Amino acid sequence: MKRVLALSILFALTAVIVGCADNAAITKSSTEMKVRKIEAAHPWFYEKGVGYEGGLSAIEVSRCLLHLDFSPPLDSNDSKSYYETVKGKFVWDPTTPEVKKARWFAEIAEKVKTGNSDAITEVITTLHQLIQAYHPDKVGFSFSLRTYPYAFVMDLVGSKKAEVLSWKEILENLGIEDEPGVVQLVNLLPSSEQAVKVRYVKNSLESLCLAYRKFMVDADNLWYLNKKEYKVSFNREKDMINFSLYRRATLPLIGGDFSPDDKRISTFNPNIWDFEKLINTKYKGLIYYSEFD
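Quick note, the sequence shown lines up with residues -20 to -1, 1 to 273 if you use mature numbering (1 follows the signal peptide of the UniProt record, and there is no 0).
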């Protein structure tokens, strides 16, 4: 009798443990499914990357990169960034359902096999933008293409000195080495394109994009500016966003000129035009103010 009772208890405990394990698996699976949710309006985009719990969706990160004017890298003569040449083109992950049906991935793979340099560049920039979109908290804003002898230079958040890593090492450092989308893109690249120079920066893409979004809301609530009267760009040397205001900016509703040639706007009328104070108060270290003629 005691033996039967003991066995009954053992079976009951086993059932409880298995049930807990199953529940944990279901919970984990549910969590992963939640993270892997696809953007309703952009079915080629996952909502967020695995392991990223921040406040930016992948599509918001992509829009931030596309909306901000990109100052040319210090070591480049290019007047425009790669993103500027593909306005409106968002990242697409070849593992998302809608994109997998498309021909892009198969076509780009064939071109890379033939050594097509434009195709290789497209894979590298798509890979980088995908990493940025899925883990904006761990990467920086900028990059450089074809910086001899490296195929690519990218920014990671940290305080280390610059180093050279392979794409696979970068994925491991970011904890996305099992992300099928980025892994497939890395595997497309020839061995000559695997070395990446990593530059470590203070500001993450996430912190910069959130600051940009919040600042533009503040600016819209406080001022009415014509888009021709200001510029917003990323300065790689400073690792900050630059909000630059036209020195003779006007108030469109009135049409008056608020800034004499020899005075700064904020000095002339700080109650209306003190962008600099707002930036230094709320966005110091992320955004800086300047004026242009």
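Yeah, the Cβ is synthetic: ideal placement off N, Cα and C, and Gly gets one too.
Quick caveat, the model's predicted, so the values are computed rather than measured.
In chain order, Gly29, Val30, Gly31, Ile111, Tyr114, His115 and Val162 place their CB closer than 8 Å to the CB of Ile156, counting only its own chain and leaving out the 5 sequence neighbours on each side.
A direct Cα-to-Cα measurement between Arg179 and Thr94 gives close to 31 Å. Going by beta carbons, Pro170 and Val119 fall outside the 9 Å limit.
With contacts defined as CB atoms closer than 9 Å, Met134 and Val103 fail to qualify as a contacting pair.
A direct Cα-to-Cα measurement between Ser124 and Tyr130 gives close to 10 Å. Annotated three-state conformation of Ser42 is helix, per DSSP. Shown here for Thr101: same chain residues with a beta carbon closer than 7 Å to its own, the five before and five after excluded, namely Leu125 in chain order. Of the other Cβ atoms in all chains shown, fewer than 16 fall within 10 Å of the Cβ of Glu87; this residue is therefore exposed. Beta-carbon to beta-carbon, Leu266 and Ile221 are separated by about 6 Å, close enough to satisfy the 8 Å threshold.
Of the other Cβ atoms in all chains shown, fewer than 16 fall within 10 Å of the Cβ of Phe272; this residue is therefore exposed. Contact check for Leu165 against Asn153 fails: the beta carbons are separated by 9 Å or more. Between Phe255 and Phe223, the beta carbon gap of about 7 Å places them in contact (Cβ cut-off 8 Å). When the alpha-carbon of Phe132 is set against those of Ser122, Glu159 and Gly138, the nearest one is in Ser122. Between Asp219 and Lys194, the CB-CB gap reaches or exceeds 9 Å. Here DSSP, grouped into helix, strand and coil, assigns Tyr180 to strand. Ile18 and Leu107 have their C-alpha atoms some 18 Å from each other. For Val144, the enclosing beta strand (DSSP E) covers residues Glu143 to Ser146.
Burial state of Ser37 is buried, judged by a 10 Å Cβ sphere holding 16 or more other Cβ atoms. Excluding sequence positions up to five before and after Tyr263, its CB lies within less than 7 Å of the CB of Ala191 and Phe195, all in the same chain and listed in chain order. Judged by beta-carbon spacing, Leu45 lies within the 9 Å limit of Leu185, meaning their Cβ atoms are closer than that value. Leu266 carries a coil assignment under DSSP once its states are collapsed to helix, strand and coil.
The residue among Pro160, Leu168 and Tyr226 with its C-alpha nearest the C-alpha of Lys211 is Tyr226. For Val212, the enclosing beta strand (DSSP E) has its first and last residue at Tyr210 to Asn215. Of the residues assessed, Arg216 falls on the buried side of the cut-off, its CB having 16 or more other CB atoms within 10 angstroms. Here Thr261 is exposed, its C-beta having fewer than 16 other C-beta atoms within 10 Å.
Here Glu143 is exposed, its C-beta having fewer than 16 other C-beta atoms within 10 Å. About 19 Å separates the Cβ atoms of Gln109 and Ser146, ruling out a contact at the 8 Å cut-off.
In the DSSP annotation of this structure, Ser97 is not part of any beta strand (DSSP E); the continuous alpha helix (DSSP H) holding it starts and ends at Ser97 to Tyr114. Per DSSP, Ile221 is one residue of the beta strand (DSSP E) stretching across Met220 to Tyr226. Between Gly34 and the set Leu48, Asp158, Ala99 and Ser187, the nearest pair of CA atoms involves Ser187. In this chain, Ile18 is not harboured by any alpha helix (DSSP H), its DSSP state being neither H nor E.
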